[in-house]
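Student: So the protein sequences, as listed, match chains V and B. The first sequence begins at 951 in our numbering and counts up by one. The second sequence begins at 181 in our numbering and counts up by one. For each residue, glycine too, the CB sits at the ideal point set by N, CA and C. The model shown is predicted, which means the values in this text are computed figures rather than measured ones.
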Amino acid sequence: MSESPRRESPLAGVGSQPVVGDAATVRLAERPFRGQLNLRGDVASPTFVDAVTGVLGGPLPVQPNTVADHGEVRIFWLGPDEWLIITPEGAGSDLKTVLQKALEGIHFALSDVSSGQTTLVVSGPDAGSLLSKSCTLDLHPRAFAPGQCAQTLLAGSTVLLSRLDRAHGPEFELVVRRSFADYLWRCLADGAEEYQPA
Amino acid sequence: MLQIDCPWCGPRDETEFSYGGEAHIVRPSDPDATSDEAWADYLFMRTNPRGRHAEQWCHAHGCRRWFNVVRDTVSYRIEAVYRIGGQGPGGSHDPA
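(1) When we look at the beta-carbon of arginine 1092(V) and count the other beta-carbons within 10 Å, is it buried (16 or more) or exposed?
(2) For leucine 987(V) and alanine 994(V), what's the separation of their Cα atoms in angstroms?
(3) Mind pulling the chain V residues with CB within less than 7 Å of glycine 268(B)?
(4) From Ile1035(V), Arg957(V), Cys1137(V), Trp1027(V), pick the residue whose C-alpha is nearest to that of leucine 1081(V); which is it?
(5) Could you tell me which uninterrupted beta strand (DSSP E) segments, each at least 3 residues in length, are contained entirely in the segment 1037-1077 of chain V, listed from first to last along the chain?
(6) Pick out whichever of Gln1146(V), Val1109(V), Thr1037(V) has its Cα sitting closest to the Cα of serine 1129(V).
(7) Determine the burial state of isoleucine 1035(V): buried for a count of at least 16 other Cβ atoms within 10 Å of its Cβ, exposed for fewer.
(8) With distances taken between CB atoms, is the gap from asparagine 248(B) to glycine 231(B) smaller than 7 Å?
(9) Do the segment 185-199 of chain B and the segment 1114-1133 of chain V make contact, defined as three or more Cβ pairs closer than 8 Å?
(10) Output needed in chain order: residues of the segment 230-256 of chain B with a Cβ under 8 Å from some Cβ in chain V.
(11) Alpha carbon to alpha carbon, what distance is there between tyrosine 222(B) and histidine 1090(V)?
(12) Take arginine 1127(V) and list the residues in its own chain whose beta-carbon comes closer than 8 Å to its own, dropping the five residues that flank it on each side.
(13) Give the secondary structure of threonine 195(B) by DSSP, where H, G and I count as helix, E and B as strand, and everything else as coil.
(14) Between which two residues does the alpha helix (DSSP H) harbouring threonine 997(V) extend?
(15) Measure the alpha-carbon distance for threonine 1102(V) versus glutamate 196(B) and round it to whole angstroms.
(16) How would you label isoleucine 1025(V), buried or exposed, when you count the other beta carbons within 10 angstroms and need 16 or more for buried?
(17) To which residues of the same chain is cysteine 243(B) closer than 8 Å at the C-beta, ignoring the five residues directly before and after it?
(18) Please compile the residues from chain B whose C-beta is within a distance smaller than 8 Å of the C-beta of threonine 1108(V).
(19) Does glutamine 1098(V) have its Cβ less than 7 Å from a Cβ in chain B?
(20) With C-beta atoms as the reference, is valine 1048(V) less than 7 Å away from arginine 981(V)?
(21) Do you know how far the Cα of proline 960(V) is from the Cα of alanine 1105(V)?
(22) Under 7 Å, Cβ to Cβ, is there at least one residue of chain B near threonine 1016(V)?
(23) Name the residues in the segment 191-215 of chain B whose C-beta lies less than 8 Å from a C-beta of chain V; which are they?
(24) Tell me whether alanine 203(B) is buried or exposed, calling it buried when 16 or more other Cβ atoms sit within 10 Å of its Cβ.
(25) Grab the span of the beta strand (DSSP E) containing serine 1112(V) for me, first residue to last.
(26) Quickly, what does DSSP pair valine 1023(V) with across the bridge? List them, please.
(27) In whole angstroms, what is the alpha-carbon distance linking threonine 214(B) and aspartate 274(B)?
(28) Which chain B residues sit within Cβ distance under 7 Å of threonine 1086(V)?
(29) Can the beta-carbon of glycine 1055(V) be found less than 7 Å from the beta-carbon of proline 1120(V)?
(30) DSSP has cysteine 1099(V) in a bridge; who is on the other side?
(31) Quick check: what's the CA-CA separation for valine 999(V) versus proline 1147(V)?
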């Protein structure tokens, strides 16, 4: 019996259960199924820069560990010649096609990594303290402000960490490998227990 | 634990990095014409200094770039960090 293909978040099973209640000062959530493209190219080449800027509607972040937002598309600096482009759900493959077309004849590499990674969101007034339990970076807004990102280790797994502060308080996005998502979620949920009012 | 100043990302903990051995080793330009002894020397023989040592590190859990570090093997003090192709202290650099 054949079934039609379906997608499943790596957190299917754990992610749907509310770990911390609404009253908690830390909340965990997942932003699944977003389009994620890994782009590599030479920023010293004006043809590459112009083509990418034209498609994305703005420049690539060239400062190490920064993020650029162009409309609904977020671009993370991963390395001096490497970026991660995150699009809303369903927009990844279209953007890939457009970028590939615009970059034709230019030296570049573009891979769709959407299904290999997912995004965890840690928000609330104590979000920074929760992450600091297992991360050696200084997450104080003075040292790690919105617009910055960092690839680092969190509880032993590689994550791409960024800060997106909202009106209701700090919010951190963690882009993690699919295979680490379940472990990291459980780890964070365990660490978040103390922020749950009794 | 060492704190290493990645030339791209800034100071990070040693756990984010991987070690790549001695830096500035030149591959013989014509391996066929190289004697077994010289080839073995290139492949296996490394200096083991007491003191300053130029070595390669990779920011494995960060930007994944290789770079060079000059570290004192006695005190573990890092004297300099420079990108691949950059100039280290005392004029040490990667082969062209």
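Tutor: From the atom records:
(1) Position 142 of the first sequence, counting from 1, holds the residue named residue 1092(V). Under this definition arginine 1092(V) is an exposed residue.
(2) Within the first sequence, residue 987(V) is the residue found at index 37, counting from 1. Within the first sequence, residue 994(V) is the residue found at index 44, counting from 1. Approximately 21 Å between the Cα atoms of the pair.
(3) For the purposes of this step, residue 268(B) is taken as residue 88 along the second sequence, with counting starting at 1. Residues of chain V passing the Cβ test: none, with the nearest at roughly 19 Å.
(4) Working through the first sequence from its first residue, we reach residue 1081(V) at position 131. For the residues Ile1035(V), Arg957(V), Cys1137(V), Trp1027(V), the minimum Cα distance to leucine 1081(V) belongs to Cys1137(V).
(5) Counting whole runs of 3 or more residues, the segment 1037-1077 of chain V contains the beta strand (DSSP E) stretches 1058-1062, 1067-1073.
(6) Position 179 of the first sequence, counted from the first residue, corresponds to residue 1129(V). Selected option, being the one with the closest Cα: Val1109(V).
(7) As a position in the first sequence, residue 1035(V) is number 85, starting the count at 1. So isoleucine 1035(V) counts as buried.
(8) Numbered from 1 along the second sequence, position 68 holds the residue referred to as residue 248(B). Numbered from 1 along the second sequence, position 51 holds the residue referred to as residue 231(B). Not closer than 7 Å, so no.
(9) Flag = no, the segment 185-199 of chain B and the segment 1114-1133 of chain V do not touch.
(10) Hits within the stretch, in order: His241, Gly242, Cys243, Arg244, Arg245.
(11) Taking the first sequence and counting its residues from 1, one reaches residue 1090(V) at position 140. Taking the second sequence and counting its residues from 1, one reaches residue 222(B) at position 42. Taking the straight line joining both Cα atoms gives about 47 Å.
(12) On the first sequence, residue 1127(V) is found 177 positions in, with the first residue counted as 1. Excluding its 5 nearest sequence neighbours in each direction, arginine 1127(V) has C-beta neighbours in its own chain below 8 Å: Gly1066, Gln1067, Ser1107, Thr1108, listed in chain order.
(13) Translated into the one-based positions of the second sequence, residue 195(B) becomes position 15. Three-state result, threonine 195(B): helix.
(14) Within the first sequence, the letter at position 47 stands for residue 997(V). Counting along the chain, the alpha helix (DSSP H) containing threonine 997(V) begins and ends at 996-1006.
(15) Indexing the first sequence from 1 puts residue 1102(V) at position 152. Indexing the second sequence from 1 puts residue 196(B) at position 16. Near 7 Å, if we compare the C-alpha coordinates of glutamate 196(B) and threonine 1102(V).
(16) The sequence position of residue 1025(V) within the first sequence is 75, counting from 1. For isoleucine 1025(V), the number of other beta carbons within 10 angstroms of its own is at least 16, and it is reported as buried.
(17) As a first step, residue 243(B) must be located in the second sequence, where it is residue number 63. These residues qualify, in order along the chain: Cys186, Trp188, Cys189.
(18) On the first sequence, position 158 is the one that residue 1108(V) refers to. Here the neighbours are His241.
(19) Sequence index remark: in the first sequence, residue 1098(V) carries index 148 (1-based). Closer than 7 Å: no.
(20) Walking along the first sequence from the start, residue 1048(V) turns up at place 98. Walking along the first sequence from the start, residue 981(V) turns up at place 31. No, these two residues do not count as a Cβ contact at 7 Å.
(21) On the first sequence, residue 1105(V) is found 155 positions in, with the first residue counted as 1. On the first sequence, residue 960(V) is found 10 positions in, with the first residue counted as 1. Roughly 18 Å separates the two Cα atoms.
(22) As a position in the first sequence, residue 1016(V) is number 66, starting the count at 1. It does not: the Cβ of threonine 1016(V) has no partner Cβ on chain B nearer than 7 Å.
(23) So the close ones are Arg192, Asp193, Thr195, Glu196.
(24) The sequence position of residue 203(B) within the second sequence is 23, counting from 1. Here alanine 203(B) is buried: its Cβ has 16 or more other Cβ atoms, across all protein chains shown, within 10 Å.
(25) Taking the first sequence and counting its residues from 1, one reaches residue 1112(V) at position 162. Serine 1112(V): member of the beta strand (DSSP E) spanning 1107-1113, first to last residue.
(26) For this step, residue 1023(V) is matched to residue 73 along the first sequence. Its beta-bridge partners are His1020(V).
(27) On the second sequence, position 34 is the one that residue 214(B) refers to. On the second sequence, position 94 is the one that residue 274(B) refers to. A straight-line Cα-Cα distance of about 21 Å links threonine 214(B) and aspartate 274(B).
(28) As a working note, residue 1086(V) is residue 136 in the first sequence. Going along chain B in sequence order, the residues near threonine 1086(V) (Cβ under 7 Å) are Asp193.
(29) For the purposes of this step, residue 1055(V) is identified with residue 105 of the first sequence, where counting begins at 1. For the purposes of this step, residue 1120(V) is identified with residue 170 of the first sequence, where counting begins at 1. The answer is no: Cβ separation not under 7 Å.
(30) Against the first sequence, residue 1099(V) aligns to sequence position 149. Partner(s): Ser1112(V).
(31) The residue labelled residue 999(V) in the question sits at position 49 within the first sequence. The residue labelled residue 1147(V) in the question sits at position 197 within the first sequence. CA-to-CA, the gap between valine 999(V) and proline 1147(V) works out to about 50 Å.
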